[in-house]
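For reference, the structure discussed in these notes is given below.
Residue numbers (my numbering): 141 to 461.
In structure tokens:
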């Protein structure tokens, strides 16, 4: 069984506030693009924007069918700190003046000097498994979306790798490339995870049932993000903070994929140290967050991000005219 999608293959947080603002905070370099401000709607926890409510609800089925895969980093656990201890940084919650933070094993894993590169698309269940593994291992990934009919990166995979099949991984740190989702997952665990002998979680294993559940989990969104929509090509990849299991993050990634927009995914599932990075940079943690180094803009809130991407990059209206 090939654990990849060929070119012929068909294909927690809150939302929305009505308050418009641009907030400027102290600018600090945290590794990719230091924006130091956010634009548009002020992030508001535990609120659902009517503009994306239907999409979020449908995407929540994915989370259930995949048993939350991609929601937690490897070795995640919660633990409490005493009153007044380590007052800065991300906190899961505060109970009786005790800060509840999160612990993870990923801080002991090898980290790639450059982001690994993954060619994939949203409607492919095998691509989804690899994205879940990247979220679990807390890896930064440069995604080159390859929706059906896209003119740039899908043909490039055929040229460089010999066939238009997905996912296709390129590791610029060791000059290596490979197909096959299960081979890719094993490679990532060996190279940037707990090691070659570590047990891969059952939900990410090579069992045919996992491919079936991943495929079924995509049905409620009916192939969203799998077909190309004409778009401008950005000079630099966008930067996207989120994690695979979040329905709020998924609906934004669908748009990034259909517009064929390259983006560095800053995975920050529960336990990720990148949650502290965001707090240091913006004074809060909430996903999704999009940073666009081409325009200097940054947005929280799924609906606001989608609106920005459609306005800034989509050529749909121009083509229809």
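For every residue, glycine included, the Cβ atom is placed at its ideal position computed from N, Cα and C. Values in this document were obtained by computation on a predicted structure and should not be read as measured data.
query: With respect to the alpha helix (DSSP H) encompassing residue 198, which residues constitute its N-terminal and C-terminal limits?; result: 193-205
query: Taking C-beta to C-beta, are residue 407 and residue 274 nearer than 8 Å?; result: yes
query: What are the boundary residues of the beta strand (DSSP E) that residue 439 is part of?; result: 437-440
query: Do three or more CB pairs link the stretch 371-380 to the stretch 296-306 at distances below 8 Å?; result: no
query: Assign residue 202 to buried or exposed, taking buried as 16 or more other Cβ atoms, counted over all protein chains shown, within 10 Å of its Cβ.; result: buried
query: Looking at residue 411 and residue 212, is the spacing between their C-beta atoms short of 8 Å?; result: yes
query: Is there contact here, the stretch 238-252 with the stretch 317-334, by at least three beta-carbon pairs under 8 Å?; result: yes
query: Name the one or two DSSP bridge partners that residue 373 has.; result: DSSP output for residue 373 lists no bridge partner at all.
query: Quick check on this structure: which residue in 196, 304, 238, 323 has the alpha carbon closest to the alpha carbon of residue 360?; result: 196
query: Taking the runs of the alpha helix (DSSP H) that are 4 residues or longer, which of them lie wholly in the stretch 356-418?; result: 387-398
query: Hey, residue 353 and residue 205: beta-carbon distance below 8 Å or not?; result: yes
query: Quick check: does the Cβ of residue 366 come within less than 7 Å of any heavy atom belonging to the ligand SAM?; result: For the ligand SAM, the structure offers nothing, since it holds no ligand at all.
query: To the nearest angstrom, how far is the alpha carbon of residue 279 from that of residue 368?; result: 26 Å
query: I need the straight-line Cα distance from residue 241 to residue 292, nearest angstrom please.; result: 42 Å
query: Do you know offhand how far residue 357's Cα is from residue 200's?; result: 9 Å
query: Starting from the Cα of residue 256, find the closest Cα among 307, 349, 399, 420 and give me that residue.; result: 307
query: Take the Cβ of residue 405 as the centre, count every other Cβ of all protein chains shown within 10 Å, and call the residue buried at 16 or more, exposed below.; result: buried
query: In terms of DSSP beta bridges, what is residue 233 paired with?; result: 240
query: Straight-line CA distance for residue 427 to residue 262?; result: 19 Å
query: Mapping the DSSP letters down to three states, classify residue 273 as helix, strand or coil.; result: helix
query: Using the DSSP secondary-structure output, state which residues sit across from residue 218 in a beta bridge.; result: 242
query: Cα separation between residue 260 and residue 145?; result: 9 Å
query: So the alpha helix (DSSP H) residue 296 belongs to, where does it begin and stop?; result: 293-301
query: Quick one, are the C-beta atoms of residue 272 and residue 209 less than 8 Å apart?; result: yes
query: Give a yes or no on whether the minimum CB-CB distance between residue 219 and chain B is below 8 Å.; result: Here chain B cannot be found, since the structure has a single protein chain.
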